[in-house]
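Per the UniProt record's numbering, the sequence shown starts with residue 1, numbered consecutively.
The beta carbon of each residue, even a glycine, is placed where N, CA and C say it ideally should be.
Owing to the predicted nature of the structure, the values given are computational and were not obtained by experimental measurement.
These notes are about the structure you will find just below.
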Amino acid sequence: MEEEVQIHRLKNGLRIAHLESKSAVAYCGVFINAGARDEMNNEWGVAHFTEHMMFKGTTNRRARHIINRLESVGGELNAYTTKEETCVHATFLTEYYERTIELFSDVLLRSVFPVPEINKEREIIIDEINSYLDTPSELIFDDFEEFIIGSNSLGRNTLGSPESVRDTTQEDIKRFVHRNYTPKEMVISSVGNIPFQKLCKWAEKYFGDWNHSSNYKRVPIILTEKLPKKDFVNRNTYQTHCVVGGLAYNLKEKKRLPFSLVCNFLGGPAMNSKLNMVLREKYGYAYHTEASYTPYSDMGIFGIYFGTDNGNYTKCINLINRELKALCTKRLTPAALKKVQQQLIGQTMISAAGEEAQMFSIGKSLLVYNKVTTMKEIYRKIERITSSHVLEVANETLSPDKLSVLLYK
Numbered sequence: 001m002e003e004e005v006q007i008h009r010l011k012n013g014l015r016i017a018h019l020e021s022k023s024a025v026a027y028c029g030v031f032i033n034a035g036a037r038d039e040m041n042n043e044w045g046v047a048h049f050t051e052h053m054m055f056k057g058t059t060n061r062r063a064r065h066i067i068n069r070l071e072s073v074g075g076e077l078n079a080y081t082t083k084e085e086t087c088v089h090a091t092f093l094t095e096y097y098e099r100t101i102e103l104f105s106d107v108l109l110r111s112v113f114p115v116p117e118i119n120k121e122r123e124i125i126i127d128e129i130n131s132y133l134d135t136p137s138e139l140i141f142d143d144f145e146e147f148i149i150g151s152n153s154l155g156r157n158t159l160g161s162p163e164s165v166r167d168t169t170q171e172d173i174k175r176f177v178h179r180n181y182t183p184k185e186m187v188i189s190s191v192g193n194i195p196f197q198k199l200c201k202w203a204e205k206y207f208g209d210w211n212h213s214s215n216y217k218r219v220p221i222i223l224t225e226k227l228p229k230k231d232f233v234n235r236n237t238y239q240t241h242c243v244v245g246g247l248a249y250n251l252k253e254k255k256r257l258p259f260s261l262v263c264n265f266l267g268g269p270a271m272n273s274k275l276n277m278v279l280r281e282k283y284g285y286a287y288h289t290e291a292s293y294t295p296y297s298d299m300g301i302f303g304i305y306f307g308t309d310n311g312n313y314t315k316c317i318n319l320i321n322r323e324l325k326a327l328c329t330k331r332l333t334p335a336a337l338k339k340v341q342q343q344l345i346g347q348t349m350i351s352a353a354g355e356e357a358q359m360f361s362i363g364k365s366l367l368v369y370n371k372v373t374t375m376k377e378i379y380r381k382i383e384r385i386t387s388s389h390v391l392e393v394a395n396e397t398l399s400p401d402k403l404s405v406l407l408y409k
């Protein structure tokens, strides 16, 4: 991918990456190095609220005109917010490239966040929060992050609470955007059938005069929680929901990839993951189990989730501890390691096969690492993982004295 992806930086610091394709359909996104963790203590939910408000009016367009600008020609305009990034992205026919870049610049540089629209969107977000609170299998992951990291901007969920959303004002949103949305912290990522020079020309035309800067610097989170720990929350659920986990490696640590391989082996999406084979296929104790790993810029967190009947909780925990202990004490055989490597390589290749997936991958890579990592580089790194690497990261993260437990009943 690196040989094919072309990269350019405008004078204002905005980076542009483009992968030329032969398709009539194009994919483009603007990635912003700002998310929920960049909120101040009194701004819980503002990053997500801002994303919702991007399409609600600019100095040039009303909300319906923003929606119709691409939708009327068959395109799609969307956005998302995570803890460390925000992205506005679109799918459209190649002939509407310039229209899309201009629209991106309008919503990102000239949104006015009308108060009547804020009041309408407030209720929609509160409905979204209430729906999320009714889904314990999703809620427990966010609660576990706060359980481990603490009640700070990185530990809290991205949506906010009904109370914090009700308290959010137009000034809060404008202040967040002014502090965090700068050209040096943005990347335009594109996959489509146009020459790179054209994309750069349009980016310069619509973003080049934007010279906004900010003194804001992301502050590393200082952990105050005493770990490991265990807690029980009464959610009146018919099942017991549980997450076992703790701290792991950040986005730029070399051990991130070996640990990703370990998590994939334990509870990746494949049905033959170790914990699925044990908890579901062999014993029938849990319908669903998974291992998740989220690396952030200054720390990482992982969790092993399972849902089970109340009477099987202890059995599940004992089986999980048995498998984790095995990873901490026994090296994977060469044959077992090869299988795990091949599976992770295959999953990575399949997930990156589509052009939209490539657009997201390029944008995130350039935003975080200031370079585009090729698939060949990723494959080689996976192939270079040894059983010693697996044993080392397992002992640093999975030993019982490092594991915390959060339980819903």
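Output the distance between the C-alpha atoms of residue i and residue j, rounded to the nearest integer angstrom.
i	j	result
Thr182	Lys217	12 Å
Asn12	Cys200	13 Å
Arg380	Gln347	15 Å
Val187	Val233	41 Å
Arg166	Ala26	38 Å
Met53	Glu185	20 Å
Asn152	Leu332	38 Å
Leu403	Asp231	12 Å
Ile222	Gly150	9 Å
Leu344	Arg64	43 Å
Thr240	Asp134	15 Å
Tyr408	Val244	12 Å
Lys282	Ala335	22 Å
Thr169	Tyr132	23 Å
His389	Tyr80	34 Å
Please work out which residues of its chain come closer than 8 Å, Cβ to Cβ, to residue i, disregarding the five sequence neighbours upstream and downstream, and give them in chain order.
i	result
Arg69	Arg61, Leu77, Arg99, Leu103
Arg110	Thr58, Thr59, Asn60
Glu4	Leu19, Glu20
Residues in its own chain within less than 6 Å of residue i by CB, not counting five upstream and five downstream?
i	result
Lys101	The sequence shown places Ile at residue 101, rather than the Lys named in the question. Trp202, Tyr206.
Glu2	Below a pLDDT of 50, predicted positions are generally treated as unreliable, and Glu2, at 46, falls in that range; the measurement from the model is reported next regardless. So the list reads Val372, Thr374, once near-sequence residues are dropped.
Ala291	Cys263, Leu266, Gly267, Ile304
Asn312	Tyr285
Thr171	The amino acid occupying residue 171 in the given sequence is Glu; Thr does not appear at that position. There are no such residues.
Lys315	Tyr285
Ala270	none
List the whole-angstrom C-beta distance separating residue i from residue j, where the pair is believed to meet the contact cut-off of C-beta under 8 Å.
i	j	result
Pro136	Thr237	5 Å
Leu367	Glu85	7 Å
Phe196	Gln6	4 Å
Leu279	Phe306	6 Å
Leu19	Ile362	6 Å
Ile382	Leu251	With a Cβ gap of about 17 Å, Ile382 and Leu251 do not count as contacting.
Ser190	Ala24	Their Cβ separation, rounded to whole angstroms, is 15 Å, which puts Ser190 and Ala24 out of contact at 8 Å.
Thr94	Gly192	6 Å
residue 439	Leu391	The question about residue 439 has no answer here: the residues shown for the chain are numbered 1 through 409.
Gly35	Thr82	5 Å
Gly155	Thr397	Not confirmed; about 19 Å, so no contact.
Ile385	Gln341	7 Å
residue 421	Arg179	In this structure the chain extends from 1 to 409, so residue 421 is not present and cannot be described.
Leu159	Glu128	6 Å
Pro228	Asp38	Pro228 to Asp38, Cβ: 28 Å. No contact.
Output yes if chain D places a C-beta closer than 7 Å to the C-beta of residue i; else output no.
i	result
Val115	Although the question refers to chain D, the structure presented lacks it and comprises just one protein chain.
On the three-state DSSP scale, how would you describe residue i?
i	result
Val112	coil
Tyr27	strand
Val219	coil
Asp231	strand
Val187	strand
Val73	coil
Leu14	coil
Val177	helix
Gly57	strand
Asn78	strand
Tyr408	strand
His52	helix
residue 415	In this structure the chain extends from 1 to 409, so residue 415 is not present and cannot be described.
His212	coil
Arg62	strand
Leu257	helix
Ala248	strand
Ala36	helix
Ala203	helix
Thr100	helix
Ala47	helix
Glu121	helix
Thr94	helix
Give every residue of the same chain whose Cβ lies closer than 7 Å to the Cβ of residue i, excluding the five residues on either side of it in the sequence, and list them in chain order.
i	result
Tyr293	Ala248, Phe259, Ser260, Cys263, Gly300, Phe302
Lys274	Phe265, Leu266, Glu323
Val393	Lys255, Pro258, Phe259, Val262
Val107	Met54, Phe55, Thr58, Ile66, Val88
Open item on the list: What ranges does the alpha helix (DSSP H) occupy inside the region 266–348, keeping only unbroken runs of at least 4 residues that lie completely in it?
Closed with: 313–329
- [ ] Any chance you could list the alpha helix (DSSP H) runs of at least 4 consecutive residues sitting entirely within the region 357–397, in chain order?
- [x] 375–383, 387–397
Task: Ordered list of alpha helix (DSSP H) runs contained in the region 124–184, each at least 4 residues - done: Fully enclosed alpha helix (DSSP H) runs of 4 or longer: 136–149, 162–167, 170–180.
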